[in-house]
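Chemist: Let me give you the structure first, and then I'll get to my questions.
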Amino acid sequence: MPADAAIDHLLEGLNPPQRDAVTHGEGPMLILAGAGSGKTRVITHRIAYLLRTGQARPGEILAITFTNKAAAEMRERVELLVGRATRAMWVMTFHAACARMLRAHADKLGFTRQFTIYDSADQRRLMKQCLDNRGYDTKRYTPRAMQSQISRAKNTLVTAEQYAETVGSPFEEIVAEIYADYDRELLRMNAMDFDDMLLNSVRLLERHQDVRDAYSNQFRWVMVDEYQDTNKVQYRWLQLLTSEHRNLAVVGDDAQSIYGFRAADIRNILEFEEDYPDAHVVKLEQNYRSTQTILDAANALISNNRGQMPKHLWTDLGQGDPVRVREMADEHAEARWVTAEIQRLVDEGVSRSEIAVFYRTNAQSRVLDEMLTRAGVAYQVIGGPKFYERAEVKDAIAYLTFLVNPQDATAFTRIANSPRRGIGQTSLSRVLAHANNMGISVWEAAEGEVPGLAKPARNAIGRFMDTMNALKRRAEENGPVAQLLDAVLHESGYLDALHAERTIEAQGRVENLQELVSAAAQYDVNAENGSLDEFLQQTSLFADSDNLREDEGLVTLMTMHNAKGLEFPIVFMIGMEDGTFPHSRSIEESNLEEERRLAYVGVTRAMRQLTLTYARRRMGYGGGGATPTIKSRFLDELPRELTDQPARISRGFPTPGRVASWSQAAAASAEYSADTNDAQLFKVGDDVVHAQLGDGVVTDLQPGGIVVVRFEGEGRDRSLMADVAPIRKR
DNA sequence: GTGACTATCGTTTTT
DNA sequence: CGATAGTCAC
12 MPADAAIDHL
22 LEGLNPPQRD
32 AVTHGEGPML
42 ILAGAGSGKT
52 RVITHRIAYL
62 LRTGQARPGE
72 ILAITFTNKA
82 AAEMRERVEL
92 LVGRATRAMW
102 VMTFHAACAR
112 MLRAHADKLG
122 FTRQFTIYDS
132 ADQRRLMKQC
142 LDNRGYDTKR
152 YTPRAMQSQI
162 SRAKNTLVTA
172 EQYAETVGSP
182 FEEIVAEIYA
192 DYDRELLRMN
202 AMDFDDMLLN
212 SVRLLERHQD
222 VRDAYSNQFR
232 WVMVDEYQDT
242 NKVQYRWLQL
252 LTSEHRNLAV
262 VGDDAQSIYG
272 FRAADIRNIL
282 EFEEDYPDAH
292 VVKLEQNYRS
302 TQTILDAANA
312 LISNNRGQMP
322 KHLWTDLGQG
332 DPVRVREMAD
342 EHAEARWVTA
352 EIQRLVDEGV
362 SRSEIAVFYR
372 TNAQSRVLDE
382 MLTRAGVAYQ
392 VIGGPKFYER
402 AEVKDAIAYL
412 TFLVNPQDAT
422 AFTRIANSPR
432 RGIGQTSLSR
442 VLAHANNMGI
452 SVWEAAEGEV
462 PGLAKPARNA
472 IGRFMDTMNA
482 LKRRAEENGP
492 VAQLLDAVLH
502 ESGYLDALHA
512 ERTIEAQGRV
522 ENLQELVSAA
532 AQYDVNAENG
542 SLDEFLQQTS
552 LFADSDNLRE
562 DEGLVTLMTM
572 HNAKGLEFPI
582 VFMIGMEDGT
592 FPHSRSIEES
602 NLEEERRLAY
612 VGVTRAMRQL
622 TLTYARRRMG
632 YGGGGATPTI
642 KSRFLDELPR
652 ELTDQPARIS
662 RGFPTPGRVA
672 SWSQAAAASA
682 EYSADTNDAQ
692 LFKVGDDVVH
702 AQLGDGVVTD
712 LQPGGIVVVR
722 FEGEGRDRSL
732 MADVAPIRKR
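Throughout the first sequence, residue numbering follows this note's numbering, covering 12 to 741 in sequence.
So this is what it looks like as structure tokens:
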């Protein structure tokens, strides 16, 4: 037992609720952790406390996060606190924990421990194949739509059979068919998709009492981070694992639940106290990050949502500056202004790494991208294509995958003709069909005699499989993964083909592959009993590559989703317009509450200074003219006294780079007079008032005296007859 | 089987 | 506008 002093040290500097959460013993606990309230600190200190006081042994701890990064950070911080390595602790993502369980018990579900993990691109590819097999028109029934339906079903614990029982439309009938086909295909290929990791783990625990007993006895202490983002399967999984000891501590913030579109169910956190009536509830409301003004803005914003768990963030960091709100003429003016502001701040001595710009959609980064480049401001864009999703990386991984999982038709299809070997679509289909007919693996089919194959194709496949067989022999030696990967890249001709291209892009791909080899080498060093299949599964679950770099003096650009969990002294949120943010689709689907939570997440990232900008006009897709916009309703939800806006902003006059003045607004409203309208009266950009629909803006004029108006609170346009509609200019 | 051309369609996306 | 998927002709 360690000295009491060490334990005291763990509790030092914690506020009373934090201390309460850290020292809570047996029994369920809900930690409502407001933004910036020291949540990670509480979890890590709690784990360390449990270990230090001897209540827990490392092997009894299961700490679940959503990202690998969060898991790595958590383990690191715990190890720092307890002063030793704690390999036996399960500190990992839901998916990684499931993968580990499934590997150990794969046979119980009809898989081998070498099963492949499919990402969403693989998923879609297979869906398309299933659709094609049944002869459905993949334009009418897009793989994308199938994927989202099936994924949603899996995440809400609805199996293919159950789905089939509840179909209510022809579309759903097709989904049901494809769902069943797709699952069958996965099983045949010895593969699971991301959603299956959870779903199959639940099946494993439900069907095998002994397995459930073993794990639920092992994990005496379970902690879950970002609980507001858990979905139904994850909920069930936790239930199965914690039924024995009931020491489930969840940490989350209902106000930051922003992954509903990924089937996260906010009810999990809202109803935790109903699920566990004896739950100990701790609220962390003291914020250590932002000024009181920023917190007040966030509190005010979120108070527009119903059914939030009551919470009030406060800080002793002081009032700080007002939230800045700026109107710009268009997105270019917006980008120019933000760029100029950043330059000004940097001149004043602010480090670029202290500045972040958030937007709703990735596409919005483009204009800013250009402007910052032109101005010579160093920046990084977070998001975009991920390392492990790059074609060349996926190809390389597919080679390795096929070596360990000869049933993986997706991997085979991917690599057979990459690099080009003269194996086309038709030959591939023949091989796959043959494997299917004979009930053998693709590997076996490709090695054997495939009926109906033309001689050139047969030779090409023969040579390919010779290479693969040679590589397989190497793989079976269980040497370092890096060496095997290197051999794969050389002997498959992949590198040669890239070199032959002699382009900059190809050079970049070679570099990416080198990076992959390094990653493999890293694995070889770190893994205790490394194996190729473990490396592959680990890699499949590790998607984030473009890790945030903190120390390079770069301004950070990212979506608000990506901003969760981060903080920056200076934050800009751009595109604060209805239709952009809240996004038009969210408005249509009346998903405003989640959208508002996203705004809340954005706002609460700011430590010192928050600036919100919106553009008077914004370009749609086509090069066609920019369309007038309405400023975001979220801006109206901010109390005037928290912002630096003296009064309501004029909507009649675009005022590039500057706030419109009161007098301009007054002039604008004095402009109209007529009672009956003449279509001539309106022009695009006019602000109008409709007797029933309220305020809007003219977005288009059409022949026949039709004015197209977008009203506040609606994501779409309405066509109105100018002379009869009860509208007038404001 | 491969390259070039054209139609289509646009959120967010921890794993 | 621009990425990407799908079609068509060699």
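Ideal placement from N, C-alpha and C gives every residue a C-beta, glycine not left out. What you are looking at is a predicted structure, and each value in this text was computed from that prediction instead of being measured.
Is the distance from the Cβ of V442 to the Cβ of V453 below 8 Å?
Modeler: Yes. Within cutoff.
Chemist: Could you tell me if Y632 is buried or exposed, where buried requires 16 or more neighbouring beta carbons within 10 angstroms of its beta carbon?
Modeler: It is exposed - the Cβ of Y632 has fewer than 16 other Cβ atoms within 10 Å.
Chemist: Spell out the partners DSSP gives F369 in its beta bridges.
Modeler: DSSP output for F369 lists M569, M584 as bridge partner(s).
Chemist: Which residues in the same chain have their Cβ closer than 8 Å to the Cβ of E381, if we skip the five residues on either side of it in sequence?
Modeler: Excluding positions up to five away in sequence, the list reads A346.
Chemist: Less than 8 Å between the CB atoms is what I'm expecting for V9 and A44, so what's the real figure, rounded?
Modeler: This structure does not reach residue 9, given that the chain is present from 12 up to 741, and the question cannot be answered.
Chemist: Under three-state DSSP, which class holds E338?
Modeler: E338: strand per DSSP, three-state reduction.
Chemist: Within the chosen definition, does the segment 114-131 reach the segment 96-105 through at least 3 CB pairs nearer than 8 Å?
Modeler: Output reads no: the segment 96-105 does not touch the segment 114-131.
Chemist: Which residues share a DSSP beta bridge with W454?
Modeler: BP columns for W454 are empty, so no partner.
Chemist: Out of H445, E487, E71, T421, state which residue places its alpha-carbon closest to the alpha-carbon of V415.
Modeler: Comparing Cα-Cα distances from V415 to each of H445, E487, E71, T421, the minimum goes to E487.
Chemist: Give every residue of the same chain whose Cβ lies closer than 6 Å to the Cβ of M12, excluding the five residues on either side of it in the sequence, and list them in chain order.
Modeler: The predicted position of M12 is uncertain, since its pLDDT is 45 and thus under 50; a value taken from the coordinates is nonetheless stated next. Closer than 6 Å at the Cβ level, and outside the excluded window around M12, lie G65.
Chemist: Going by CA-CA distance only, name the one from I42, Y399, P430 that's closest to A511.
Modeler: Looking at the Cα atoms, P430 is the closest of the given residues.
Chemist: Between which two residues does the beta strand (DSSP E) carrying A626 extend?
Modeler: A626 -> beta strand (DSSP E) spans 617-629.
Chemist: Kindly indicate which residue of I161, D477, T167 has the alpha-carbon position closest to the one of I185.
Modeler: Among I161, D477, T167, the Cα nearest to that of I185 belongs to I161.
Chemist: Determine the burial state of M85: buried for a count of at least 16 other Cβ atoms within 10 Å of its Cβ, exposed for fewer.
Modeler: Buried, since its Cβ has 16 or more Cβ neighbours within 10 Å.
Chemist: Could you work out which residue in N228, D15, V53, T350 is closest to N26 when comparing CA atoms only?
Modeler: The candidate whose alpha carbon is nearest that of N26 is V53.
Chemist: Looking only at C-alpha atoms, which of G590, L568, P593 sits nearest to V582?
Modeler: Ranking the options by Cα distance to V582, first place goes to L568.
Chemist: Flag T253 as yes when its Cβ comes closer than 7 Å to any non-hydrogen atom of the ligand ATP, and as no otherwise.
Modeler: The ligand ATP is absent from the structure shown, which contains no ligand whatsoever.
Chemist: With burial defined as no fewer than 16 other Cβ atoms inside 10 Å of the residue's Cβ, what is the status of W325: buried or exposed?
Modeler: Counting Cβ neighbours within 10 Å, W325 comes out exposed, since fewer than 16 surround it.
Chemist: Taking 8 Å as the cut-off, does the segment 209-229 touch the segment 101-116 (at least 3 CB pairs, one atom from each stretch)?
Modeler: Yes, since at least three Cβ pairs between the segment 101-116 and the segment 209-229 fall closer than 8 Å, the two stretches touch.
Chemist: Give me the Cα-Cα distance between D265 and E606, rounded to the nearest whole angstrom.
Modeler: Using only the alpha carbons, I get a separation of about 13 Å.
Chemist: Closer than 8 Å is the cut-off here; do at least three beta carbon pairs connect the segment 352-364 with the segment 572-586?
Modeler: Yes: the two stretches touch, three or more of their Cβ pairs being nearer than 8 Å.
Chemist: Report yes if the C-beta distance between L73 and F230 is below 8 Å; otherwise report no.
Modeler: Their beta carbons are under 8 Å apart, which means L73 touches F230 by this criterion.
Chemist: From the DSSP secondary-structure annotation, give me the bridge partner or partners of A481.
Modeler: Paired residue(s): none; A481 is not in a bridge.
Chemist: Kindly indicate the opening and closing residues of the alpha helix (DSSP H) around F645.
Modeler: Start and end: 644-647.
Chemist: Compare the Cα-Cα distances from D221 to each of W101, E255, L137 and report the closest residue.
Modeler: Selected option, being the one with the closest Cα: E255.
Chemist: Between G329 and the rest of its own chain, which residues show a CB-CB distance below 8 Å, the 5 nearest in sequence each way excluded?
Modeler: Contacts found: T302, Q303.
Chemist: For L411 and G463, what's the separation of their Cα atoms in angstroms?
Modeler: The straight-line gap from Cα to Cα measures roughly 28 Å.
Chemist: Using 8 Å for Cβ pairs, my map puts E285 next to V292. What's the rounded Cβ distance?
Modeler: No, E285 and V292 are not in contact; Cβ-Cβ is about 12 Å, not under 8 Å.
Chemist: Excluding the five sequence neighbours on either side, which residues of its own chain have a C-beta within less than 8 Å of the C-beta of L21, listed in chain order?
Modeler: Correct list, in chain order: V33, H56, A59, Y60, R63, L92.
Chemist: Between which two residues does the alpha helix (DSSP H) holding H256 run?
Modeler: Run containing H256: none; DSSP gives neither H nor E here.
Chemist: According to DSSP, simplified to helix, strand and coil, what is Q436?
Modeler: Helix at Q436.
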